[in-house]
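Chains as they are written, first to last, in UniProt numbering: chain A, 1 to 61; chain B, 1 to 61; chain C, 1 to 61; chain D, 1 to 61; chain E, 1 to 61; chain F, 1 to 61.
Just so you know, even glycine gets a beta-carbon here, dropped at the ideal spot from N, CA and C.
Here the structure is laid out as structure tokens; the discussion comes afterwards.
6 protein chains.
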Amino acid sequence: MPIVQIDLIEGRTTEQKREMVKRVTEAITQTANCPAEAVTIVIREAAKQHIAKAGTLMLDK
Amino acid sequence: MPIVQIDLIEGRTTEQKREMVKRVTEAITQTANCPAEAVTIVIREAAKQHIAKAGTLMLDK
Amino acid sequence: MPIVQIDLIEGRTTEQKREMVKRVTEAITQTANCPAEAVTIVIREAAKQHIAKAGTLMLDK
Amino acid sequence: MPIVQIDLIEGRTTEQKREMVKRVTEAITQTANCPAEAVTIVIREAAKQHIAKAGTLMLDK
Amino acid sequence: MPIVQIDLIEGRTTEQKREMVKRVTEAITQTANCPAEAVTIVIREAAKQHIAKAGTLMLDK
Amino acid sequence: MPIVQIDLIEGRTTEQKREMVKRVTEAITQTANCPAEAVTIVIREAAKQHIAKAGTLMLDK
């Protein structure tokens with residue numbers, strides 16, 4: 001703990017994810033007062049046909 | 001908010017998902033009294049080897 | 001399966017939740033072609049200090 | 001209910017997953033006093049670029 | 001990793017949860033070939049008005 | 001989207017959570033190239049009897 005689950009639309013590069021987990025971990029450790037080793041992050045990429053906002057798939061927007 | 005996460009066995013068509021998010025969003029907005037714009041849905045499809053009921057993978061049923 | 005997880009801001013009545021799960025289940029069964037018995041829904045209520053949009057807690061909006 | 005969600009790094013065989021859901025279900029039913037039929041398990045496999053510990057992707061370890 | 005999330009109806013004792021996490025962890029480590037230290041479990045208890053099966057709240061069954 | 005779910009052991013102050021969501025949102029928007037308005041965060045606090053590491057409840061550590 002903490003465990004962070006991030007749902008994203010697919011399309012980010014590995015370099016973006018590398019930087020994202022580094023910075024999210026810093027944000028958590030500095031505000032929750034816990035060591036970086038305690039932070040686990042899982043990224044889940046979703047296709048545009050698997051996300052909807054206001055009742056409409058991202059695919060159709 | 002609300003955030004709706006739906007875990008499904010893989011195999012539905014895009015048209016089924018399109019109708020599903022439309023109708024689930026209506027069900028949420030009409031009972032929770034919130035605007036459709038507030039509803040986000042994430043669909044997660046799982047392979048039959050990744051779901052189990054009563055200790056047995058769907059793959060083996 | 002399907003499994004539906006709904007994150008909501010706290011404050012809905014039991015009657016609203018009763019109607020919500022009834023209607024969400026109908027929406028799922030009619031579009032995913034599965035029996036109602038297969039649909040499990042978990043509602044999770046969150047306090048306004050536990051949800052944020054655009055970097056700001058709901059508590060502060 | 002109970003619903004069990006297991007996030008794993010990809011790479012386990014179907015046989016390992018088959019044994020995993022069998023044994024996790026036994027562990028749950030014997031300690032929560034519920035029938036096996038009540039236990040649903042969803043396994044989610046994540047690529048090494050989608051998991052991070054201590055701010056570093058598994059890919060880079 | 002692995003991360004295990006368990007949704008349960010409220011009502012189990014601490015002793016039941018203590019035994020549950022011990023046994024679920026054993027089940028995971030022995031089938032996924034990972035050390036016990038790698039396994040994190042989060043238990044989420046839900047009230048009977050927050051779980052539904054077949055469109056009906058547990059509260060009403 | 002993105003949707004961020006953070007599981008934490010209970011005990012952080014509202015001020016810590018306020019700062020956490022602000023900084024996590026910045027970390028996401030700057031690395032995923034999305035507007036802050038697109039980022040939703042849900043914090044879930046867990047009691048020490050609801051989290052386990054290596055088969056042992058936090059309560060017992």
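Straight-line gap, residue i to residue j (C-alpha atoms, nearest Å)
i                       : j                       : result
glutamate 37 of chain B : lysine 61 of chain F    : 44 Å
alanine 54 of chain F   : alanine 27 of chain D   : 15 Å
alanine 52 of chain F   : isoleucine 6 of chain A : 21 Å
threonine 29 of chain D : leucine 59 of chain E   : 21 Å
proline 35 of chain E   : lysine 48 of chain B    : 27 Å
isoleucine 3 of chain B : valine 4 of chain F     : 11 Å
CB-CB length for residue i against residue j, believed under 8 Å
i                       : j                        : result
lysine 22 of chain B    : isoleucine 43 of chain B : Not really, about 13 Å apart at Cβ, beyond 8 Å.
threonine 25 of chain E : methionine 1 of chain A  : Between methionine 1 of chain A and threonine 25 of chain E the Cβ distance is about 15 Å, and since that is not below 8 Å, they are no contact.
Nearest neighbour of residue i, chosen from the options [CA to CA]
i                        : options                               : result
residue 62 of chain C    : C/Ala46, C/Met1, C/Ala54 and C/His50  : For chain C, the structure presents residues 1 to 61; residue 62 of chain C sits outside this window and is missing.
threonine 14 of chain E  : D/Arg12, D/Thr31 and D/Ile51          : D/Thr31
asparagine 33 of chain F : A/Asn33, A/Arg12 and A/Thr29          : A/Arg12
leucine 57 of chain E    : C/Ile3, C/Glu10 and C/Met20           : C/Met20
glutamate 10 of chain F  : C/Gly55, C/His50, C/Ala54 and C/Leu59 : C/His50
Chain H within 8 Å of residue i, Cβ atoms only
i                    : result
valine 39 of chain A : The chain inventory of the structure shown lacks chain H, comprising the protein chains A, B, C, D, E and F.
Any non-hydrogen atom of the ligand ADP closer than 7 Å to residue i Cβ
i                       : result
aspartate 60 of chain B : No copy of the ligand ADP appears in this structure; indeed no ligand is present at all.
Quiz prompt | Proximal residues, the region 4-23 of chain A versus chain F, C-beta separation under 7 Å | solution = Taking 7 Å as the Cβ-Cβ cut-off against chain F, the residues of the region 4-23 of chain A that qualify are Val4, Gln5, Ile6, Asp7, Leu8, Ile9, Arg12, Gln16, Glu19, Met20 and Arg23.
Self-check item: Short-range partners of chain A found in the region 46-57 of chain D, where Cβ spacing is below 8 Å
Solution: For the region 46-57 of chain D, which is checked against every Cβ of chain A, the residues closer than 8 Å are Ala46, Gln49, His50, Ile51, Ala52, Lys53, Ala54, Gly55, Thr56 and Leu57.
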